[in-house]
Amino acid sequence: MGTRKVGNVGLPLMNIIRMKGVPILHQLHIEECLLRTSSDNWCIINDGTNKPNIVMGISGKPSELVEITPVLQHNIPVIRRFTGGGTVIVDDGTIFVSFICNKDDVPHVQPYPRPIMSWSSLLYSKVFHGVADFKLRENDYVFGVRKFGGNAQSITKNRWIHHTSFLWDYKTHNMSYLKLPKRAPEYRLARDHLDFICPIKDYLSRSDFISKTIDAAATCFSLTSTQPPLNLEFNPTSSSDCIGFVMLTLMPLQFLPAPVIASFSSNIVTFKYGEGEAENQEIREHW
Numbered sequence: 001m002g003t004r005k006v007g008n009v010g011l012p013l014m015n016i017i018r019m020k021g022v023p024i025l026h027q028l029h030i031e032e033c034l035l036r037t038s039s040d041n042w043c044i045i046n047d048g049t050n051k052p053n054i055v056m057g058i059s060g061k062p063s064e065l066v067e068i069t070p071v072l073q074h075n076i077p078v079i080r081r082f083t084g085g086g087t088v089i090v091d092d093g094t095i096f097v098s099f100i101c102n103k104d105d106v107p108h109v110q111p112y113p114r115p116i117m118s119w120s121s122l123l124y125s126k127v128f129h130g131v132a133d134f135k136l137r138e139n140d141y142v143f144g145v146r147k148f149g150g151n152a153q154s155i156t157k158n159r160w161i162h163h164t165s166f167l168w169d170y171k172t173h174n175m176s177y178l179k180l181p182k183r184a185p186e187y188r189l190a191r192d193h194l195d196f197i198c199p200i201k202d203y204l205s206r207s208d209f210i211s212k213t214i215d216a217a218a219t220c221f222s223l224t225s226t227q228p229p230l231n232l233e234f235n236p237t238s239s240s241d242c243i244g245f246v247m248l249t250l251m252p253l254q255f256l257p258a259p260v261i262a263s264f265s266s267n268i269v270t271f272k273y274g275e276g277e278a279e280n281q282e283i284r285e286h287w
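Take 1 as the starting number for the sequence shown in full-length UniProt numbering and just add one per residue.
Structure (structure tokens):
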């Protein structure tokens, strides 16, 4: 049973799930499951992922975005998420924040990419108020002209998800796995990765960033700290419907077996890949 954190009369309800170190692929499965099978509003905060992964948007092409040779040599997984957006490398220094909303619960936000981005930037401007020169530049969150947050979205008939990977910190050598994208924001000005990005840690601690994000969300929603719902089964949509997580291994690029079945029990999320496949993976969420 969820525990109410902030209750403001007249505001729509939102469930908050807090996790720590959950693999990013599992997080993406949870998010799409909640987007497509739940009718509630959700905020998911995952404080770091367990190991480095490269995450591409649904239309990303590894040959254009990833340095294939070192990625293969160092066995870095590459995931194609179900949302749009660019390519990032994530690890234990990345903080993930996702909002899954019913469009009727935020009626002043038109369910299109630009209005959703504007809404999110107003929310995060409260997080960074008085801390740094926060701006929304094109589709990125920046301090001045240096990026620290990348965004992606998926919009369905009645709901949408807006999720962000925040660079609380990053490892310099990880940037060498990414190519300079052919399509880059104008403000990047052809800068390489290290001249283009900056870490949040220079401005806020991890705990302060997370608590300020929750406080900002509480100005828009009545928040309840909760666990994922129990006993959900979810089959990912086909690749043409914006799903298909792609792993880069020492073999050619392959799709994960389908369907993916997500079952939630207490604080443990179990995913089974394929029909009766031997591999069952469990992750324990940290509350």
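All C-beta atoms in this analysis are idealised placements derived from N, C-alpha and C, irrespective of residue type, glycine included. Keep in mind it's a predicted model, so treat the numbers as computed, not measured.
Query raised in the report: When the Cα of P107 is compared with those of S207, L11, I210 and D208, which residue comes out closest?
Result: L11
Query - Counted within 10 angstroms of its Cβ, other Cβ atoms place H129 as buried (16 or more) or exposed - result: exposed
Requested in this report: Indicate whether C33 and F99 have their beta-carbon atoms separated by less than 8 Å.
Outcome: no
Query raised in the report: Does DSSP put Q153 in a helix, in a strand, or in coil?
Result: Reduced to three states, the DSSP call for Q153 is strand.
Report task. Compute the Euclidean distance between the alpha carbons of R188 and F196, then round it to the nearest angstrom. Result -> 7 Å
Report task. Output yes or no for whether 8 Å exceeds the beta carbon distance between H163 and E31. Result -> yes
Query raised in the report: What is the residue span of the beta strand (DSSP E) that I197 lies within?
Result: Looking at the DSSP string, I197 is not in any beta strand (DSSP E), and its letter there is neither H nor E.
Requested in this report: Give the DSSP bridge partners of residue 289, in chain order.
Outcome: Limits of the chain in this structure are 1 at one end and 287 at the other, which puts residue 289 out of reach.
Query raised in the report: In chain order, what residues of the same chain have a beta carbon less than 7 Å from the beta carbon of T172, not counting five sequence neighbours either side?
Result: L194
Query raised in the report: Would DSSP call N75 helix, strand or coil?
Result: coil
Query raised in the report: Are the segment 166-181 and the segment 88-95 touching, with three or more C-beta to C-beta distances below 8 Å?
Result: yes
Query raised in the report: From G84 to I161, what does the alpha carbon distance come to, in whole angstroms?
Result: 11 Å
Report task. Using the Cα positions of N53 and P77, report the straight-line distance between them to the nearest angstrom. Result -> 5 Å
Query raised in the report: Considering only C-alpha positions, which residue in the set R159, L122, Q27 and K179 is nearest to T69?
Result: K179
Query raised in the report: How many Å lie between N102 and R81 at the Cα?
Result: 21 Å
Query raised in the report: Going by beta carbon distance, what residues of the same chain come within less than 6 Å of D47, once the five residues before and after it are set aside?
Result: Hits under 6 Å: K20 and I95.
Report task. Can you give me the start and stop residues for the alpha helix (DSSP H) that D208 sits inside? Result -> R206 to A217
Query raised in the report: Can you give the beta carbon distance from L25 to I79, rounded, assuming they're within the 8 Å contact cut?
Result: A Cβ-Cβ distance of about 6 Å is found for the pair L25 and I79, placing them in contact under the 8 Å criterion.
Report task. Return the chain-ordered list of same chain residues with a C-beta closer than 8 Å to the C-beta of E67, the five sequence neighbours on each side being excluded. Result -> Leaving aside the five residues that flank E67 on each side, the residues in its chain whose CB is nearer than 8 Å to its CB run, in chain order, S176, Y177, L178 and K179.
Requested in this report: Leaving aside the five residues before and after Q27 along the sequence, list all residues of the same chain whose C-beta is less than 6 Å from its C-beta, in chain order.
Outcome: N46
Requested in this report: Give the single residue among R18, T87, V22 and N41 whose Cα lies nearest to the Cα of K182.
Outcome: T87
Query raised in the report: How is S176 classed by DSSP in three states: helix, strand or coil?
Result: helix
Requested in this report: Please name the residue, chosen from R159, N50, R36 and Q153, that lies closest to I89 on a Cα-to-Cα basis.
Outcome: N50
Query raised in the report: According to DSSP, what are the bridge partners of S98?
Result: Answer is I44 and H163, bridged to S98.
Report task. Indicate whether T156 and L35 have their beta-carbon atoms separated by less than 8 Å. Result -> yes
Query raised in the report: Would Q73 be called buried (16 or more neighbouring beta carbons within 10 Å of its own) or exposed?
Result: Per the 10 Å Cβ criterion, exposed.
Requested in this report: Within 10 angstroms of the Cβ of D208, are there 16 or more other Cβ atoms? Answer buried if so, exposed if not.
Outcome: exposed
Requested in this report: Pull up the distance between the alpha-carbon of T237 and that of V127, whole angstroms please.
Outcome: At T237 the pLDDT is 38, less than 50, meaning the model places this residue with poor confidence and gives no usable figure here.
Report task. Drop a sphere of 10 angstroms on the beta-carbon of S154, count the other beta-carbons inside from all chains shown, and report buried for 16 or more, exposed for fewer. Result -> buried
Query raised in the report: Under a three-way DSSP split, which group does R81 fall into?
Result: coil
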